[in-house]
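In terms of the working numbering, the sequence shown is numbered consecutively and its last residue is 133. For every residue, glycine included, the Cβ atom is placed at its ideal position computed from N, Cα and C. Keep in mind it's a predicted model, so treat the numbers as computed, not measured. Down below is the structure, laid out as structure tokens.
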Amino acid sequence: MAQQIPLVDYLTLGENPHLVANECTSCGARFFDRRNACASCEGTAFTQVDVPTTGEVRTFTIVSFAAPGIRVPFVAAVVDCDGTSVRANLINVTPDPEHVATGMKVRLATEVIGTDDEGTEAVGFGFEPLGG
Ligand SMILES: [Zn+2]
């Protein structure tokens, strides 16, 4: 099997791929990027927490125009994973308003974005409809 590396460092691959957030130890706010201080309370201690792999679409935008090389249209969404907001694209869904809705149940899915010369695959993530 080809070696795989995650496209973003908060994506953990393996048998059960999932996202890992940095949670502020004083107020519980969660962030996916590296921070020196919490944006909510300025706390400086964080702990790593696993984010649930299923969630609900909070809001979405169907993107029809993008930089060359990016396939359009695609659906950019904010998914609420049991209280943690995740910005991600919806994948494995027809990108139109008849197939995408606010409140739709989705689950984390990974996809291979590209392969380098040594055959190592870069893996990104999106959310796909549950039971769809
Ligand atoms: Zn905080």
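Closer than 7 Å to a non-hydrogen atom of ligand 1 - does that hold for the CB of residue i?
i	result
residue 27	yes
residue 86	no
residue 44	yes
residue 22	no
residue 82	no
residue 65	no
residue 30	yes
Would residue i pass as a contact of residue j if the rule is Cβ separation under 8 Å?
i	j	result
residue 16	residue 50	no
residue 138	residue 71	Not covered by the structure: residue 138. The range shown for the chain is 2 to 133.
residue 77	residue 66	no
residue 92	residue 68	no
residue 126	residue 12	yes
residue 14	residue 107	no
residue 80	residue 56	yes
Kindly indicate which residue of the options has the alpha-carbon position closest to the one of residue i.
i	options	result
residue 22	74, 84, 123, 59	84
residue 47	56, 29, 53	29
residue 45	31, 34, 26	26
residue 130	4, 100, 42, 37	100
Check the DSSP bridge columns for residue i and list the partner residues they point to.
i	result
residue 4	Partner(s): none; residue 4 has no beta bridge.
residue 130	107
residue 15	According to DSSP, residue 15 bridges with nothing at all.
residue 21	51
May I have a chain-ordered list of the beta strand (DSSP E) segments no shorter than 3 residues that lie completely inside the stretch 89-123?
-> Runs found: 106-116.
Could you give the uninterrupted runs of the beta strand (DSSP E) lying entirely in the stretch 23-96, keeping only those of 3 residues or more?
-> Considered as a whole, the stretch 23-96 harbours 47-52, 55-64, 75-82, 85-91 as its complete beta strand (DSSP E) runs of no fewer than 3 residues, in chain order.
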